[in-house]
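Here's the structure, in structure tokens; my notes come after.
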Amino acid sequence: SEAVVASIAAAVAQAARGLNRYPDREFRTLRQALGAYLERESGVTGLDADRIWAANGSNEVMLHLLQAFGGPGRTALSFAPTYSMYPEYARDTNTAWVAGRREEDFSLDIDAAIALVAKVEPSVILLPSPNNPTGTALGLDSVQRLLEATRHSGPDGAATVVVIDEAYAEFRREGVPSALTLLADHPHLAVSRTLSKAFGMAGARVGYLAAAPALVDALRVVRLPYHLSAVTQAVALAALAHTDELMAQVASLRTERDALATWLLEQGLDAVPSDANFVLFGKFEQRHTVWQGLLDAGVLVRETGPDGWLRVSVGTPQETAAFKAALVEVLA
Ligand code: PMP
6 SEAVVASIAA AVAQAARGLN RYPDREFRTL RQALGAYLER ESGVTGLDAD RIWAANGSNE
66 VMLHLLQAFG GPGRTALSFA PTYSMYPEYA RDTNTAWVAG RREEDFSLDI DAAIALVAKV
126 EPSVILLPSP NNPTGTALGL DSVQRLLEAT RHSGPDGAAT VVVIDEAYAE FRREGVPSAL
186 TLLADHPHLA VSRTLSKAFG MAGARVGYLA AAPALVDALR VVRLPYHLSA VTQAVALAAL
246 AHTDELMAQV ASLRTERDAL ATWLLEQGLD AVPSDANFVL FGKFEQRHTV WQGLLDAGVL
306 VRETGPDGWL RVSVGTPQET AAFKAALVEV LA
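Whatever position you read off the sequence shown (first residue = 1), add 5 for my numbering.
Next comes the structure, spelled out in structure tokens:
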């Protein structure tokens, strides 16, 4: 809204007056504000600045994790289909990459996952919940079992760092808990979040995580000096001051998402139950033809994920209406 824009502009003007100096490299004011936001969003307490880290997007947060805990001779593990950037962080840090499989319904068979962990001895596990591109959230019991199984599952009996990537967590359905609730008992857990999705601020490049202070300290060692600019810090703080308004938007997107998934099912299509701000739908013999037909009608969706599926993001009611009209036309 214009009110958020005005706050951000004022905060950037203020930051501009101090740009002759390097920024606060520990950015404790921002870490405290992010922790306070997470406490409010999840009901978890004790998330003070020592337990929060931030960087230029959660992409950089996860690169920091692999710089700190991956590296030559070590392995990172995830379960496909999953976020396509994970193997890039592994490649960039000379970390070996192993991808297990998710089930047909895109859930995770936790017994099979734990067996693979025992075999691979990974230093880091990257698990998005909700998953991209499927929208599937992990059950807390599964995460808990994985955390118990990873206390000594890394090389030489070290703990495996388990990263639950909650980039889309604010869109989760009622009753789906956040892995933040497991932080207190698990020093090898990191829960990653971002302002890119729920706050609608992908252009600002602000991602963050919550973890035990010792884990956060390891990330302070590998980041570049002054990696988070004074402008970025100012923008993020200004946006967080508008949490109420931005969360109202999330609530309406959730409603819109559920209605869209129901509508897709009513068209006789498959739609994967989603806790994110998109829905994976299909299955199409020729998904590219459907994708092209939608594009020709002015609607761009993602041709991503397992063969036969397409991913539609939840937008404004007008955008959703345009998508539905175009899809009906294409399928006819
Ligand atoms: N995790 C997941 C699962 C994502 O889908 C994305 C973005 N598409 C990110 C992390 C990265 O987001 P950002 O770097 O903008 O915080």
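Where is the CB? At the ideal position from N, CA and C, for every residue including glycine.
Quick caveat, the model's predicted, so the values are computed rather than measured.
{"Check": "Separation of Glu44 from Gly51, as counted between CA atoms", "Outcome": "8 Å"}
{"Check": "Closer than 8 Å: Ser318 CB and nearest ligand 1 heavy atom", "Outcome": "no"}
{"Check": "Cβ separation of Phe176 and Asn282, assumed to be a contact under 8 Å, to the nearest whole Å", "Outcome": "5 Å"}
{"Check": "Segment limits, beta strand (DSSP E) that includes Asp170", "Outcome": "Val166 to Asp170"}
{"Check": "Terminal residues of the alpha helix (DSSP H) in which Trp339 lies", "Outcome": "Beyond the ends of the chain as shown, which are 6 and 337, falls residue 339; an answer cannot be given."}
{"Check": "Burial state of Gln238, where buried means 16 or more other Cβ atoms lie within 10 Å", "Outcome": "buried"}
{"Check": "Option nearest Asn25 by Cα separation, candidates Ser234, Trp296, Leu82 and Ser183", "Outcome": "Ser234"}
{"Check": "Three or more C-beta pairs below 8 Å linking the region 248-259 and the region 6-20", "Outcome": "yes"}
{"Check": "N-terminal and C-terminal residue of the beta strand (DSSP E) that Arg106 is part of", "Outcome": "Ala101 to Arg106"}
{"Check": "Residue environment, Gly273, which counts as buried when at least 16 other CB atoms sit within 10 Å", "Outcome": "exposed"}
{"Check": "For review: beta carbons within less than 5 Å of any heavy atom in ligand 1", "Outcome": "Gly62, Ser63, Asn64, Tyr88, Pro133, Asn137, Asp170, Ala172, Thr199, Ser201 and Gly212"}
{"Check": "Neighbour-count burial assignment, His157, 16 or more Cβ in a 10 Å radius", "Outcome": "exposed"}
{"Check": "Segment contact, 8 Å Cβ cut-off, at least three pairs: the region 89-96 with the region 31-49", "Outcome": "no"}
{"Check": "Identified DSSP bridge partners for Ala81", "Outcome": "Trp102 and Val129"}
{"Check": "Member of Thr309, Ala302, Leu305 and Val304 whose CA lies at the smallest distance from the CA of Lys288", "Outcome": "Thr309"}
{"Check": "Tyr94, DSSP secondary structure in three states", "Outcome": "helix"}
{"Check": "Reference Ser279, options Asp222, Ala118, Ser134 and Ala14, closest by Cα", "Outcome": "Ser134"}
{"Check": "Cut-off 6 Å between Cβ atoms - residues of its own chain near Glu67, not counting five sequence neighbours on either side", "Outcome": "One detail in the question is off: residue 67 reads as Met in this sequence, not Glu. Excluding residues within five positions, the ones whose Cβ falls inside 6 Å are Tyr94."}
{"Check": "Exposure of Arg198, with buried meaning 16 or more beta-carbon neighbours within 10 Å", "Outcome": "buried"}
{"Check": "Cβ-Cβ distance between Leu71 and Asp55 below 9 Å", "Outcome": "no"}
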